[in-house]
Amino acid sequence: MSRLASGGRIDRTRPIQFSFNGTPYRGYEGDNLASALLANDVRVVANSVTYGRPRGVFSAGVEEPNALVQVGNDTMLRATQVGLVDGLEAIGLNGRGRLSLEPDGHRYDKVYAHCEVLVIGGGRAGITAALEAGQTGDRVILVDEQAEFGGRLLGAGWNDWLETSLGALRSPPDVRLLTRATAFGHYDQNLVLIAQRLPNGGRLWQARAKRVVLATGAHERPLIFANNDRPGIMLAGAARAYVNRYGVAPGKRAVIFTNNDSTDALAGDLKRAGISVEAIVDVRAGEAVLDTFPSPAGGGGQGGGLGGVTIAPLTGGGSRREVECDLLCVSGGFNPTLHLFSQAQGRLRYDQALACFVPDAAPPNVEVVGAAAGDLGGRGQGTIMPYWVVPSDGQDWSTHFVDLERDVTVADVRRALSTGMRSVEHVKRFTTIGTGSDQGKTAGINETAIIATQLGQPVGAVGVTTFRPPYVPVSFGLMAGRNRGDLFEPIRLTAMHPWHVAHGAVFENVGQWKRPWYFPRHDEDIETAVLRECRAAREGVAVMDASTLGKIDIQGPDAVEFLNRMYTNAFDTLKIGSCRYGLMCKVDGMVFDDGVVMHLGPDHWLATTTTGGAAAVLEWMEEWLQTEWTDLRVRLTSVTDHWADVAVVGPRSRDVVRGLFPKLPLDPESFPFMAIRESETAGIPVRLHRITFSGELAYELWTQSWYGLALWEAVMAAGEPFAITPYGTEAMHVLRAEKGYIICGQETDGTVTPQDLGMSWILSKKKAFIGRRSHRRRDTARPDRKQLVGLLPVERDQLLPEGAQLVVEPDGTIPTKMIGHVTSSYRSATLDRTFALAMLQSGRERLGAMVYAPLNGHVVSATVTEPIFYDKENVRRDS
Amino acid sequence: MAEPHPHPDHLWRNPEPRRSYEVVIVGAGGHGLATAYYLAKNHGITDVAVLERGWLAGGNMARNTTVIRSNYLWDESAAIYEHSLKLWEHLAEELEYDILFSQRGVLSLVHSQGDRREGMRRVNANRLSGIDAEWLTPAEVKAFCPIVNISPDVRYPVIGGTLQRRGGIAKHDYVAWAFARKADEMGVDLIQNCEVSGFDLDGGRVRGVHTNRGLIAANKVALCAAGHSTVLADMVGLDLPIQSHPLQALVSELLEPVLNCVVMSNAVHVYVSQAHKGELVMGAGMDPYNSYAQRGSPHVIEDQLAAACELFPIFSRAHVLRTWAGIVDVAPDASPILGLTPIENLFINCGWGTGGFKATPGAGWVYAHTIAHGEPHPLSEPYALERFTTGALIDEHGAAGVTH
Amino acid sequence: MLIPCPWCGDREDIEFKYGGSADVAYPRDADAVDDATWARFVFFRPNPKGQMTERWVHTAGCRRWFTLVRDTVTHQITTA
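Residue numbers (the numbering used here), protein chains in the order written: chain B, 8 to 886; chain U, 525 to 928; chain Y, 3 to 82.
If you want it as structure tokens, here you go:
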């Protein structure tokens, strides 16, 4: 055991049992996994990713490149960041994570916070800044990535100051303190994302701050020399933290290797902890650690640890000495932690005297304080002699590790440069420096310095690679939060949904809506059920929930003019109490959406849209109204969810409706096709429309949504004597296709004009409408465009798959010329055969001709027909 | 999976720009480098400079998610991407560089009846074009990619999939370096840190470019700077129907192998693969606003990862290591613009949106032809600027859902 | 980004839809222009690197369209 008898912030009265690589160990409350492993003399935590070299704990924080562990099913965690809890089971990872098939049981939440001042980093500078901001009564949030505030002070004997300051911070009402909370992303206008670690999951904070104070401190960087990766070699500041904060002796015999003053206090701390300091090697004194050698295998059961160092004069000549040690504390200076600063578009400059990159121009409302701002006094850097790599004999650079996590050496950097690469970005990509899960926190500036040295350029000119979010790895699960399973996307349900569920509907996702796809009886398959549902609509009466149709309420004195411009057809003559089918194009002349436009009253209209197009159509209309046609006095409101819509369809539909509205005249003269009537049944106010999407006599009964279920049930009751049959979207599709009605988004795909659909009749010649000008363009006016046709497979039973491509020759070689594709295809109860709709090149010239659909292994032949298969004369519709 | 990749000893010279060239290519991204290579190799034109304002292949080439496939909907698109895929299949040998091209299959998941129709339409079209395409049932999806969640109880269940087995991934940087090396070897000057600031025009004809390293004369100038197409075009008064948007992507830590293919889902907005070393590489949706900032909004990443966890519950414990954005230039029909311009001797290649990487060799091939002959290659003829006037767009937006 | 809606104040960009350049005028008489001019209206938009005058609509709020000036490099916004 290397646990010190006293000292540190751990609680020796609260032992914690844990295991590592299957061996049980004991730590204490206040330990993290790294300190507990060191306390138990576990020097080798993992082997390196490429070369399999043994590696130990290197740092005491987020920058750890070596001690990667799996804890339970959680992978690629840093031992330095894992709080010790009872029963924790960890294993070392060789640089690569393992995803478990066990479901992630963690709970992840998101919190959206707003504040005047967000202080990131709870060390001395951050606490001071938060105290100051808290005085003003502003809303302040102070976050720190560690389990407790204090930063480096926790290992430097500032406990009294900390206690007083944190006490003071707890008194203002609007200061929020978050620990184990790492700010990892700094986005536009000071949106900061913060990952907070909680016992069984995490919380993603999204804080929008008027001002951000970055008190993010500095990361110590190592010096580079041969075999600088052995377990026992660690950052000097980390060694100090383990001794002072965790009461652990990370070794028995230490050597200190430095180029700055920060290690001055370390020697004393080590000695007080009973660790002998065998040598202090200071490049400023002309000496360097040239190489290291391993400890003899067997000692403590783990070979490969540090056994000692070779020390040589910087000049290369002179005498060398070997010093045995099991701990080498290295400091090459400090890099201000400017990841967030850079993400927020702050600019950096290289400071020659400090030998590091410091903030230059700060973005608006961002302030950097403390070590992050280049004030390295607190870290005790003092005088520094910039120094990076100790050359070894014979120009062998293959064990001078620059990036420990990715196993990249100085040799790799030199090789990259020798290929002709000059940019630090190229070297990064060639060598993979900085691409590990530590994102090169201890490697990046050293890489830059090596390149600069090699190319004979100033360090500042070489620059650093771009810092990108996240500052620390963040789990997918945390980012996803609760947006999973049923909450992945909103589910929209109609008022009648409970009835559909109770009656066994199979549902289809249509955008966010759940729509009944079909209503199987007993063990019917979809085909049988749909044939039955269609037969009911054609021969008796059937009913469908059409509530998902988009609905836009349109009011204002210029509503007619607005509709005339929006739709291809005109609405001037449409009387109050009537409806008309309308078609819309985009500016490029392509069909956009369709629906029924209803004239409800003076200056009052309502337009329906496709289910999927509702939001887009409203946005489209608003865009024109608000940005182009600002003179039109029209107001739009989405009323999609306000109305429930029950479509009663079939030759017996009038009987059902009569049962519900006995006093309403329903004969074709009193209530003709495309008319609207208001009435009520059983106290339910209903607006009736004679609209059809099946070609049958049909009524759409609208009521306000909260009556929807009641109306539906009333319809079912009134229809019972007529064996009323509920049907779903699939039967709806079949019925409309038999009648040749298109579905926007199925027959059309953004490349189809109304003319292509054979709908020139709906293009008004008397007025301008959106898209009209585009129809004259050369390609759009081509006579041989793809046009809507019907197809009848030669074999009456053979179903053309939707999406089948059509060719002229049944046995053409591949690649072959395609002339169209099947957009809709069904079995028809009415026709007692299969049929399809297709978009076909020069389709209208091919009526009666044969086309072929080569499928995987066979060919379906079909005759081209008009795209209407049922009641061409509209006798049934108008009956 | 673990060995560092062997690279050639020499990749490129770093020459000073000469005062004039036969062809100056503006932009040393994947397309620019491939164009230079094919100019030299296919057309014997080696008096070529490729000018790069930053570091070679540091734009979208360095930022894409490396998906390669050719299963586009329209004949014109399928033809040029298939030409590209055929080149990919022999590129490593030809360039003598292991670009880690891996034909592990690209699986597109289908979640709705609308998706199904469009998927079938594309599969059938691809087959008749001679492009491999398969339709998979949910069980076949699961068999091909075992970690996909095909449970019917999720918000958008997988109801099928389309598969192009010849699709896959390659290592983007190596591809760029491979083209660069060969172009350099044949005498092409690759000039980095050389930013074009204007064009030297003589009436309606271009004669060279002004740069931060002086005037460089050229008989032909070829623009090839995805992310900055309109910035350059504006300098020379050429109007392009292009908008620039951030497209974000992200990468996880190294993981033991879990994902054996590329998976895309348009409905649930994911495309993901696992790179050779083991990191998950994932693309997010495009941010809607115009931007040159190479960064996007974090909610795009949140949506992306929610979708990833929905389709691949196993990913929940993976970590995002790094996010970034490229700037994609998008044309109104989501298809590229490649060909001549109204300015004599000035050529344009832009608007590849999210499809640029997979087109790298194919686009370089046809662009080199177009530049060399002063007229479009047959494969690029449909991609002329003219189409926005005639209306003959190649709309790869919605129908096939092939935004990636 | 934080978008200043003139009606609702500063709101997160997820509440908005982007409307692109505000600098495209609909031809006064669409029928009178030739195909090339028409194409410019339909398909061509400014795409500046720097200050861009653009439209947004507060879809998840007041549904109001408005114009602002945003820098496409820094994403800093000045209301127009």
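Built from N, CA and C at the ideal position, the CB exists for glycine as well.
The model shown is predicted, which means the values in this text are computed figures rather than measured ones.
Can you tell me whether residue i is helix, strand or coil according to DSSP?
i, result
"B/Asn197", "helix"
"B/Ser832", "strand"
"U/Phe912", "helix"
"U/Ala773", "strand"
"B/Tyr734", "coil"
"B/Asn39", "strand"
"B/Leu671", "coil"
"U/Ile604", "helix"
"B/Gln24", "strand"
"B/Phe232", "coil"
"Y/Trp58", "strand"
"U/Gly664", "One detail in the question is off: residue 664 of chain U reads as Glu in this sequence, not Gly. Note: U/Glu664 maps to helix in three-state DSSP."
"Y/Tyr28", "coil"
Classify residue i as buried or exposed, calling it buried when 16 or more other Cβ atoms lie within 10 Å of its own Cβ.
i, result
"Y/Gly52", "exposed"
"B/Val255", "buried"
"B/Asn372", "exposed"
"B/Leu108", "exposed"
"B/Val508", "exposed"
"U/Ile604", "buried"
"U/Met525", "Per-residue confidence for U/Met525 stands at a pLDDT of 36, beneath the threshold of 50, marking its modelled position as unreliable; the derived number appears in the next sentence. Exposed, because fewer than 16 other Cβ atoms sit within 10 Å of the Cβ of U/Met525."
"B/Tyr714", "buried"
"B/Leu494", "exposed"
"B/Tyr525", "buried"
Indicate whether residue i and residue j have their beta-carbon atoms separated by less than 8 Å.
i, j, result
"B/Arg884", "B/Arg840", "no"
"B/Ala549", "B/Tyr734", "yes"
"B/Tyr35", "B/Arg21", "yes"
"U/Gly820", "U/Ala849", "yes"
"U/Ala887", "U/Ser608", "yes"
"B/Val52", "B/Gly104", "no"
"B/Ser444", "U/Glu777", "yes"
"U/Asn869", "B/Arg429", "no"
"B/Val126", "B/Leu149", "yes"
"B/Leu40", "B/Ala12", "no"
"B/Met486", "U/Ile825", "yes"
"B/Ser832", "B/Gln753", "no"
"B/Val466", "B/Thr449", "no"
"U/Tyr545", "Y/Tyr20", "no"
"B/Asp379", "B/Ala222", "Position check: residue 379 of chain B holds Ala in this sequence, whereas Asp was assumed. Yes. Within cutoff."
"B/Leu313", "B/Ser399", "no"
Enumerate in chain order the residues of its own chain whose CB-to-CB distance from residue i is below 6 Å, with the five nearest sequence positions on each side excluded.
i, result
"U/Asp919", "Asp857"
"B/Gly765", "Leu795"
Across which residues does DSSP place residue i in a beta bridge pair?
i, result
"B/Leu313", "B/Pro301"
"B/Gly602", "B/Gly589"
"U/Tyr795", "U/Met788, U/Gly807"
"B/Ser686", "B/Val693"
"B/Ile458", "DSSP output for B/Ile458 lists no bridge partner at all."
Take residue i and list the residues in its own chain whose beta-carbon comes closer than 8 Å to its own, dropping the five residues that flank it on each side.
i, result
"B/Arg572", "Trp631, Trp636, Lys774, Ala775, Phe776, Ile777"
Which same chain residues, not among the five before or five after residue i, have their C-beta less than 7 Å away from its C-beta?
i, result
"B/Asn453", "Arg228, Ile231, Trp395, Val409"
"U/Leu903", "Ala603, Ile604, His607, Val890"
"U/Tyr907", "Ser859, Pro860, Ile861, Leu862, Gly863"
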